[in-house]
Amino acid sequence: MTTLQGLYRPKTVAEATALLAQDPDAKPLAGGATLVAMLNAHVLEPAALVSLADIDEIKGISTMPDGRVRIGAFTRHRDTAACTLRLGSCAVVPHAASQIANATVRNMGTIGGSISFADPGLDYPPALVAAKAEIEIASAEGRRVLPASGFFVDWYLTALEPGEMVTAVYLPPNDGGVGTYVKHARVAGDYATASIAACMRGDGRLSVAVGACGPTPLSDPEADAVLSEGRSDASVARAAQILVEHADPLDDVRGSADYRRQLIPRLLLRAVRTLEAAPRSAA
Numbered sequence: 205m206t207t208l209q210g211l212y213r214p215k216t217v218a219e220a221t222a223l224l225a226q227d228p229d230a231k232p233l234a235g236g237a238t239l240v241a242m243l244n245a246h247v248l249e250p251a252a253l254v255s256l257a258d259i260d261e262i263k264g265i266s267t268m269p270d271g272r273v274r275i276g277a278f279t280r281h282r283d284t285a286a287c288t289l290r291l292g293s294c295a296v297v298p299h300a301a302s303q304i305a306n307a308t309v310r311n312m313g314t315i316g317g318s319i320s321f322a323d324p325g326l327d328y329p330p331a332l333v334a335a336k337a338e339i340e341i342a343s344a345e346g347r348r349v350l351p352a353s354g355f356f357v358d359w360y361l362t363a364l365e366p367g368e369m370v371t372a373v374y375l376p377p378n379d380g381g382v383g384t385y386v387k388h389a390r391v392a393g394d395y396a397t398a399s400i401a402a403c404m405r406g407d408g409r410l411s412v413a414v415g416a417c418g419p420t421p422l423s424d425p426e427a428d429a430v431l432s433e434g435r436s437d438a439s440v441a442r443a444a445q446i447l448v449e450h451a452d453p454l455d456d457v458r459g460s461a462d463y464r465r466q467l468i469p470r471l472l473l474r475a476v477r478t479l480e481a482a483p484r485s486a487a
């Protein structure tokens, strides 16, 4: 068993990444909703923890000069869920945040910590992919930005390299559209058995992503094109079939692979009809 050697509390991203670079076995500690549980279960045994709690530059939600919305990595789920900015189709992100676990976890967990864990059943990953969000990553060597679709790599694996940490999530400017997140779980507050994040932009184009039905959020340009051309029951069924064919779910305690595939058409239809009924966000 590895003994924890220290808990560091840097004040800036530069200080945090310097500490992570010095000790490859150190782990960044955000809200702790996931990491603390993993430490208690001895799934992870880092040599040291780098607390991000005192770094103001990675907290809060703000609008950038170019219209994009920046969500700092240390922003709590409760604050993302309560965001009152006009987000257009990117409203899918706070909608997903509002369905994470329970109030205790939403008060504790952060968006950066959550997506760094990359559990396929999490609520943020499909929402960020559907919204075409970008993830900002920092290291001692500088910063880089990846599309959300390129950030999630495999089961519990992201594009983060040793010494790197998530610093922010960027959402595209308000497009005058609407977004929704539809989730099926065994019980309220559980990880998704399957989920659909859906965004309808102001010009009628749709993008969707499926959660918990493969190692990473599932999106497909052909399915998006079908939904963008028409949203009849037949079109939704055709798009759902494309997604089902590309899904790669596993059997686990939350549901069999076949059950998850069966959920995709139902959840997609519900998501599309919810988008159609929702009032548009002024751009």
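The sequence shown begins at 205 in this note's numbering and counts up one residue at a time. We put the CB at the ideal spot given by N, CA and C, even for glycine.
In chain order, VAL476 place their CB closer than 6 Å to the CB of ARG435, counting only its own chain and leaving out the 5 sequence neighbours on each side.
The beta carbons of GLY383 and ALA337 sit no closer together than 8 Å. By the C-beta density criterion, PRO228 is exposed, having fewer than 16 other C-beta atoms within 10 angstroms. Residue LEU472 holds the alpha-carbon nearest to the alpha-carbon of GLN445 among GLY210, ASP456, LEU472. Residue range 328-334 is occupied by the alpha helix (DSSP H) that includes TYR328. By the Cβ neighbour-count rule, ARG484 is exposed, with fewer than 16 other Cβ atoms within 10 Å of its own. Pairwise C-beta distances place the region 338-347 out of contact with the region 294-307, as fewer than three of them are shorter than 8 Å.
Taking all protein chains shown into account, MET369 has 16 or more neighbouring C-beta atoms within 10 Å of its C-beta and is therefore buried. Put simply, the backbone Cα of PRO419 is about 9 Å away from that of LEU361. Fully contained in the region 256-336 are the following beta strand (DSSP E) runs of length 3 or more, in chain order: 265-267, 273-276.
Boundaries of the alpha helix (DSSP H) around ASP462: 461-481. In this structure, DSSP gives ASP407 a state outside helix and strand, which the three-state scheme calls coil. With fewer than three CB-CB distances shorter than 8 Å, the region 248-261 does not count as touching the region 281-289.
Beta-bridge pairing by DSSP links LEU375 to VAL273. CA-to-CA, the gap between TYR212 and SER255 works out to about 6 Å. The C-beta separation of ALA451 from CYS417 comes to about 4 Å, placing the pair in contact by the 8 Å criterion. Using a Cβ-Cβ distance cut-off of 8 Å, the region 344-353 and the region 324-333 are in contact, since at least three pairs of beta carbons, one from each stretch, lie closer than that value. The region 288-297 and the region 383-395 touch, with three or more beta-carbon pairs separated by less than 8 Å.
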